[in-house]
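Which chain is which? The protein sequence lines are A, B, C and D, in order. One gets our numbering by counting positions in the first sequence from 1 and adding 277 to each. One gets our numbering by counting positions in the second sequence from 1 and adding 277 to each. One gets our numbering by counting positions in the third sequence from 1 and adding 277 to each. One gets our numbering by counting positions in the fourth sequence from 1 and adding 277 to each. Quick reminder that beta carbons are idealized off the backbone N, C-alpha and C, glycines included.
Number of protein chains: 4
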Amino acid sequence: MSPRTPEQFDAIRSQRIRQIKDAALRLFARDGYANTSISKIAREVGMSKGLLYNYFSSKEDLLAAILEDGFAFAAALIEEVRAMSDPVERLRLVIERTFDHVAANADYWRLYTSLAFQPAANEVAGRMMEAGGTPQIVFEFTVDAFRQMQHPDPESEAWLLSAAIDGIFMHYLQIGEDYPLEKMKRYMLERFLNVLDGDGGGG
Amino acid sequence: MSPRTPEQFDAIRSQRIRQIKDAALRLFARDGYANTSISKIAREVGMSKGLLYNYFSSKEDLLAAILEDGFAFAAALIEEVRAMSDPVERLRLVIERTFDHVAANADYWRLYTSLAFQPAANEVAGRMMEAGGTPQIVFEFTVDAFRQMQHPDPESEAWLLSAAIDGIFMHYLQIGEDYPLEKMKRYMLERFLNVLDGDGGGG
Amino acid sequence: MSPRTPEQFDAIRSQRIRQIKDAALRLFARDGYANTSISKIAREVGMSKGLLYNYFSSKEDLLAAILEDGFAFAAALIEEVRAMSDPVERLRLVIERTFDHVAANADYWRLYTSLAFQPAANEVAGRMMEAGGTPQIVFEFTVDAFRQMQHPDPESEAWLLSAAIDGIFMHYLQIGEDYPLEKMKRYMLERFLNVLDGDGGGG
Amino acid sequence: MSPRTPEQFDAIRSQRIRQIKDAALRLFARDGYANTSISKIAREVGMSKGLLYNYFSSKEDLLAAILEDGFAFAAALIEEVRAMSDPVERLRLVIERTFDHVAANADYWRLYTSLAFQPAANEVAGRMMEAGGTPQIVFEFTVDAFRQMQHPDPESEAWLLSAAIDGIFMHYLQIGEDYPLEKMKRYMLERFLNVLDGDGGGG
DNA sequence: TATGAATGAGGGTTCATTCAT
DNA sequence: AATGAATGAACCCTCATTCAT
Numbered sequence: 278m279s280p281r282t283p284e285q286f287d288a289i290r291s292q293r294i295r296q297i298k299d300a301a302l303r304l305f306a307r308d309g310y311a312n313t314s315i316s317k318i319a320r321e322v323g324m325s326k327g328l329l330y331n332y333f334s335s336k337e338d339l340l341a342a343i344l345e346d347g348f349a350f351a352a353a354l355i356e357e358v359r360a361m362s363d364p365v366e367r368l369r370l371v372i373e374r375t376f377d378h379v380a381a382n383a384d385y386w387r388l389y390t391s392l393a394f395q396p397a398a399n400e401v402a403g404r405m406m407e408a409g410g411t412p413q414i415v416f417e418f419t420v421d422a423f424r425q426m427q428h429p430d431p432e433s434e435a436w437l438l439s440a441a442i443d444g445i446f447m448h449y450l451q452i453g454e455d456y457p458l459e460k461m462k463r464y465m466l467e468r469f470l471n472v473l474d475g476d477g478g479g480g
Numbered sequence: 278m279s280p281r282t283p284e285q286f287d288a289i290r291s292q293r294i295r296q297i298k299d300a301a302l303r304l305f306a307r308d309g310y311a312n313t314s315i316s317k318i319a320r321e322v323g324m325s326k327g328l329l330y331n332y333f334s335s336k337e338d339l340l341a342a343i344l345e346d347g348f349a350f351a352a353a354l355i356e357e358v359r360a361m362s363d364p365v366e367r368l369r370l371v372i373e374r375t376f377d378h379v380a381a382n383a384d385y386w387r388l389y390t391s392l393a394f395q396p397a398a399n400e401v402a403g404r405m406m407e408a409g410g411t412p413q414i415v416f417e418f419t420v421d422a423f424r425q426m427q428h429p430d431p432e433s434e435a436w437l438l439s440a441a442i443d444g445i446f447m448h449y450l451q452i453g454e455d456y457p458l459e460k461m462k463r464y465m466l467e468r469f470l471n472v473l474d475g476d477g478g479g480g
Numbered sequence: 278m279s280p281r282t283p284e285q286f287d288a289i290r291s292q293r294i295r296q297i298k299d300a301a302l303r304l305f306a307r308d309g310y311a312n313t314s315i316s317k318i319a320r321e322v323g324m325s326k327g328l329l330y331n332y333f334s335s336k337e338d339l340l341a342a343i344l345e346d347g348f349a350f351a352a353a354l355i356e357e358v359r360a361m362s363d364p365v366e367r368l369r370l371v372i373e374r375t376f377d378h379v380a381a382n383a384d385y386w387r388l389y390t391s392l393a394f395q396p397a398a399n400e401v402a403g404r405m406m407e408a409g410g411t412p413q414i415v416f417e418f419t420v421d422a423f424r425q426m427q428h429p430d431p432e433s434e435a436w437l438l439s440a441a442i443d444g445i446f447m448h449y450l451q452i453g454e455d456y457p458l459e460k461m462k463r464y465m466l467e468r469f470l471n472v473l474d475g476d477g478g479g480g
Numbered sequence: 278m279s280p281r282t283p284e285q286f287d288a289i290r291s292q293r294i295r296q297i298k299d300a301a302l303r304l305f306a307r308d309g310y311a312n313t314s315i316s317k318i319a320r321e322v323g324m325s326k327g328l329l330y331n332y333f334s335s336k337e338d339l340l341a342a343i344l345e346d347g348f349a350f351a352a353a354l355i356e357e358v359r360a361m362s363d364p365v366e367r368l369r370l371v372i373e374r375t376f377d378h379v380a381a382n383a384d385y386w387r388l389y390t391s392l393a394f395q396p397a398a399n400e401v402a403g404r405m406m407e408a409g410g411t412p413q414i415v416f417e418f419t420v421d422a423f424r425q426m427q428h429p430d431p432e433s434e435a436w437l438l439s440a441a442i443d444g445i446f447m448h449y450l451q452i453g454e455d456y457p458l459e460k461m462k463r464y465m466l467e468r469f470l471n472v473l474d475g476d477g478g479g480g
């Protein structure tokens, strides 16, 4: 009965936003952005369409918010790693962190990949992906590492490594939990970075 | 004056079907199946919506016809390669043929990949992909080859190779002609199959 | 090889028209006029849509031609019966002829009835039915007969008789060959006209 | 200012549903189900097409809801009458109630009859009519009554009575208010059940 | 005579978004 | 904060009809 404090309002607000984003991500990932209606999302969350529009001004806005969350991970990772002096060690960390993030956020990556494939399909997503130029930086890290390892063709090897990683993720996202993701992570580190042990930082 | 012969009708039909499939593939690949309307396809071809339905009974039917064309390539490749006695040589051929097909049919693979990512989004595509179980066979070819090469962990290496290939395709499909696809093909053959030369059968 | 004579052309023409009307009647009766497309009729006959339009200038024209055939029966019956001196005998003949026509042309009556129920649904049919005022005449015959039989309420009895006949037809058209149509014909003659025997004029 | 209560929403819903059903029934009855577009119904009600779909998930669903209302009458009548001990009295009541229902719901019966005539034309209606097997029960009531009245041929007489009733309805539905429906009801009761007086059970 | 390609209007349906309450 | 009624544009699809050949 007592009126809610502003803090309570904020808490409710944050929780609502989280619920909406979670439901939307799940549905976007499974059925595709275009095949997911606002109605379905609202029903999944258990709120009215109208209220959903109190938190996100459009379907695209909701998509942008979801993508933003994922970009934050990439930005944080770059930040964490930028100052490292050993390129090989840096690359190792990037790989481990990324594998773990994919394992923990499969839906996000499913959505991300499906959007990345058809940038023309969605203006907002297209613009955001162009802006969030993470991959470029990571690619340069990779070349650095192979150069330091005296690899004869660091560029090709970098392309290969990043292709292998993306391919592994693709397989994992399609096959799901039957895919030996953890094993492949260790196999990658071993084959590309000669890292023999390592518990993989598994979550 | 005299009525058209059946051959003339057939010619018109074939040409129209080809025009429609071409336009649809282009748009599906660029904008996504869900974002491509029949109207847009018809406009692209320069015909009325109604006429399109003389050739394809539904949007899904059109999609199926397009996918079928691609599956035919896979089936033909398997057929060609099945009887080969040397697994390594067989794998080499599969890789080369597939690289070439991807290079020549980028739109098809763009569409294919985008559909493969969200099988729940499209019933028809989902069913067709389940039925056309090519990847499984190709994976077994790969394991065979590495076993013959006495690789210590043929399964993991097979996973890695197929991931690398798919990743390369992903990059190529996203980046386009700037991507060094031909170079990566040679690099792959060299690194995974110890094939040193080879002009790659380039088309 | 020898060129066809005009008579042959006419014969072909008549046959085509008959085929088209037959197929159209069957489909109109079963699926309804609105649910039957020109394409379906042409396919059923085994000719092209274009050719069908050589014989009937529109779908409505085809419907009109079919209805006309049925009206011809009614007109002929009236003609045959008009001069009869005994109203009872005349009514008996009308009933027998009508039962027989319904039995032999169930599809026509199915179509006729479905159209008669919703005159607003089809302008052509509506106009034709209004013009072909057969029922009115037959009703008067019926009243005449009952008057001659000294029935205390000839009008009501006439309404009843014609309702019973129409109801029997309705049941027959809905139930089909399981319905005891012949038996009901005899029962009607017996109960309404005191006709005890009669082989029913069975065809 | 304050949001609408659930009761208010319910009231709006009920009213809209009633408006839609009323308009649809009127149009279906007059023009036929196939000739009545959702647009026309919406225009008749004065709402957008889209809103109509908030209340009925499809045109067929709307039809089903309308038919359901009519079936409810039949079920209630059967229920009311089932326990009656005197078959003749029971039949009398069924006849009176049905005449009254037809008189009060002419549009419904127009629609019903038009659908019953071409079961192949509409899957939903076909299935519902098959399931709602009222006529069969009523027919058995009728036979019972004639058997109790020692009629020499109860089955034929039952067929005749039900045909007469259906025929009367047919005439009434086609002719409209000029048809002496009330008079025919009394005439039927008198001729078939020897009921001489009766206020007609007027509703 | 004969074909079927071609059109265009209209039908059923969905959905992002707005708004009164 | 919260609801769901309401709209309108766009979507997939059908079909009577016309026309070049």
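Report yes or no: is there a C-beta of chain C within less than 7 Å of the C-beta of Gly309(D)? Start at 1 with the first residue of the fourth sequence, and residue 309(D) comes out as number 32. Yes, Gly309(D) lies at the interface with chain C (some Cβ there is under 7 Å from its Cβ).
Under 7 Å, CB to CB, which of the residues in the region 376 to 392 of chain B have a partner in chain A? Arg387, Thr390 and Ser391
At a CB distance below 9 Å, what residues from the region 414 to 439 of chain A approach chain B? Give them in sequence order. Asp430, Glu432, Ser433, Glu434, Trp436, Leu437, Leu438 and Ser439
For the region 452 to 467 of chain D, which residues have a beta carbon sitting closer than 8 Å to at least one beta carbon of chain C? Pro457, Lys460, Met461, Tyr464 and Met465
Comparing C-alpha positions only, which one of Glu407(C), Ala351(C), Arg295(C) and Asp363(C) sits nearest to Met426(C)? Against the third sequence, residue 426(C) aligns to sequence position 149. Cα-wise, what sits closest to Met426(C) is Asp363(C).
Please confirm if the region 314 to 323 of chain A is in contact with the region 356 to 374 of chain A, defined as three or more CB-CB distances below 8 Å between the two stretches. no
Would the beta-carbon of Ala306(C) fall within 7 Å of that of Asp384(C)? Here residue 306(C) refers to the residue found at position 29 when the third sequence is read from its first residue. Here residue 384(C) refers to the residue found at position 107 when the third sequence is read from its first residue. Cβ distance < 7 Å, so Ala306(C) and Asp384(C) count as in contact.
Compare the beta carbon distance of Ala301(C) and Leu339(C) with 7 Å and say whether it is the shorter of the two. As a working mapping, residue 301(C) is identified with position 24 in the third sequence. As a working mapping, residue 339(C) is identified with position 62 in the third sequence. Closer than 7 Å, so yes.
Residue-level contact to chain C via CB, Gly479(D), 7 Å cutoff: Taking the fourth sequence and counting its residues from 1, the one referred to as residue 479(D) is at position 202. Reliability fails at Gly479(D), whose pLDDT of 41 lies under 50, so the model's placement of it is uncertain and no value is given.
Does the CB of Met447(C) have a neighbour CB from chain D at under 7 Å? Against the third sequence, residue 447(C) aligns to sequence position 170. Taking Cβ atoms only, chain D reaches closer than 7 Å to Met447(C), which makes this a yes.
Taking all protein chains shown into account, decide if Arg463(D) is buried (16 or more other Cβ within 10 angstroms of its Cβ) or exposed. As a working note, residue 463(D) is residue 186 in the fourth sequence. The residue is buried, with at least 16 neighbouring Cβ atoms inside 10 Å.
N- and C-terminal bounds of the alpha helix (DSSP H) containing Pro396(B): Taking the second sequence and counting its residues from 1, the one referred to as residue 396(B) is at position 119. Here Pro396(B) belongs to no alpha helix (DSSP H), and DSSP marks it neither H nor E.
How would you write the range of the alpha helix (DSSP H) that Val472(B) sits in, first residue to last? For the purposes of this step, residue 472(B) is taken as residue 195 along the second sequence, with counting starting at 1. Per DSSP, Val472(B) belongs to no alpha helix (DSSP H) and is neither H nor E.
Return yes when the C-beta of Leu354(D) is under 6 Å from any heavy atom of the ligand HEM, and no when it is not. Only the bare structure without any ligand can be found here, which leaves the ligand HEM out of the picture.
If we call anything under 7 Å between Cβ atoms a contact, is Ala566(D) one with Ala441(C)? A question about residue 566(D) goes unanswered here, because the residues of chain D that appear run from 278 up to 480.
Please state whether the Cβ-Cβ distance between Ile267(C) and Tyr330(C) is less than 7 Å. The displayed coordinates of chain C run from 278 to 480. Any statement about residue 267(C) would go beyond what the structure contains.
Touching by the beta-carbon criterion (3+ pairs, under 8 Å), the region 445 to 459 of chain C and the region 380 to 398 of chain C: yes
Please report the distance separating the alpha-carbon of Ser279(B) from that of Ala353(B). Position 2 of the second sequence, counted from the first residue, corresponds to residue 279(B). Position 76 of the second sequence, counted from the first residue, corresponds to residue 353(B). Rounded to the nearest angstrom, the two C-alpha atoms are 42 Å apart.
Can you pull the chain D residues whose beta carbon is under 7 Å from the beta carbon of Phe348(C), in chain order? Along the third sequence, one-based indexing puts residue 348(C) at 71. Correct list: empty, because the minimum Cβ distance to chain D is about 17 Å.
Quick one: Cα of Glu467(C) to Cα of Ser335(C), how far? Mapped onto the third sequence, residue 467(C) falls at position 190. Mapped onto the third sequence, residue 335(C) falls at position 58. Going by the C-alpha atoms only, they are around 46 Å apart.
If you run the structure through DSSP and keep just helix, strand and coil, what is Ala311(A)? Stepping through the first sequence from its first residue, residue 311(A) is reached at position 34. If DSSP states are grouped into helix, strand and coil, Ala311(A) belongs with coil.
In chain B, what lies closer than 8 Å to Ala441(A) by C-beta? For the purposes of this step, residue 441(A) is taken as the residue at position 164 of the first sequence. Correct list: Leu437, Ala440, Ala441 and Gly444.
Tell me where the alpha helix (DSSP H) around Ser250(B) begins and ends. The shown model of chain B, from 278 to 480, leaves out residue 250(B), and the question about it has no answer.
Integer Cβ distance of Leu368(B) from Ala402(B), believed to fall under 8 Å: The residue labelled residue 368(B) in the question sits at position 91 within the second sequence. The residue labelled residue 402(B) in the question sits at position 125 within the second sequence. With a Cβ gap of about 28 Å, Leu368(B) and Ala402(B) do not count as contacting.
Evaluate Ser439(D) with the Cβ neighbour count: other Cβ atoms within 10 Å of its Cβ, from every protein chain shown; 16 or more gives buried, anything less gives exposed. Taking the first residue of the fourth sequence as 1, we reach residue 439(D) at position 162. Classification of Ser439(D): buried, given that the 10 Å Cβ count is 16 or more.
Between Phe286(D) and chain C, is there a C-beta pair that is closer than 7 Å? Walking along the fourth sequence from the start, residue 286(D) turns up at place 9. Judged by the 7 Å Cβ criterion, Phe286(D) is not in contact with chain C.
CB contact below 7 Å: Gln296(D) versus chain C: As a working mapping, residue 296(D) is identified with position 19 in the fourth sequence. It does not: the Cβ of Gln296(D) has no partner Cβ on chain C nearer than 7 Å.
For Ser325(B), which residues in the same chain have their Cβ closer than 7 Å to its Cβ, ignoring the five residues on either side in sequence? Taking the second sequence and counting its residues from 1, the one referred to as residue 325(B) is at position 48. The residues are Ala319.
With distance defined between alpha-carbon atoms, name the residue in Ala381(C), Val379(C), Phe394(C) and Trp386(C) nearest to Trp386(D). As a first step, residue 386(D) is located in the fourth sequence; it is residue number 109 there, counting from the start. For the residues Ala381(C), Val379(C), Phe394(C) and Trp386(C), the minimum Cα distance to Trp386(D) belongs to Phe394(C).
Under 7 Å between C-beta atoms, does Ala469(A) make it to chain B? Within the first sequence, residue 469(A) is the residue found at index 192, counting from 1. What sits at residue 469(A) in the sequence shown is Phe, not Ala. So no, Phe469(A) is outside the interface.
Taking Cβ-Cβ distances shorter than 7 Å, what residues in chain B pair up with Asn331(A)? Taking the first residue of the first sequence as 1, we reach residue 331(A) at position 54. Under the 7 Å cutoff, chain B gives no residues; its nearest Cβ is about 27 Å from Asn331(A).
Note down, one range per segment and in chain order, each alpha helix (DSSP H) of at least 4 residues found wholly within the region 379 to 455 of chain D. 383 to 394, 400 to 408, 411 to 425 and 431 to 452
What does Asn397(C) touch in chain D if you count any residue whose Cβ is under 7 Å from its own? Position 120 of the third sequence holds residue 397(C). Note on identity: in this sequence residue 397(C) is Ala, with Asn being the wrong assignment. Under the 7 Å cutoff, chain D gives Arg307 and Asp308.
Ser433(B) and Lys460(A) look like a contact to me (Cβ under 8 Å); what is the Cβ gap, rounded to whole Å? Taking the first residue of the second sequence as position 1, residue 433(B) is located at position 156. Taking the first residue of the first sequence as position 1, residue 460(A) is located at position 183. The Cβ separation is near 7 Å, so the contact holds.
Run the CB neighbour count on Asp455(D), radius 10 Å, all protein chains shown included, and call it buried at 16 or more, exposed below. Walking along the fourth sequence from the start, residue 455(D) turns up at place 178. That one is exposed.
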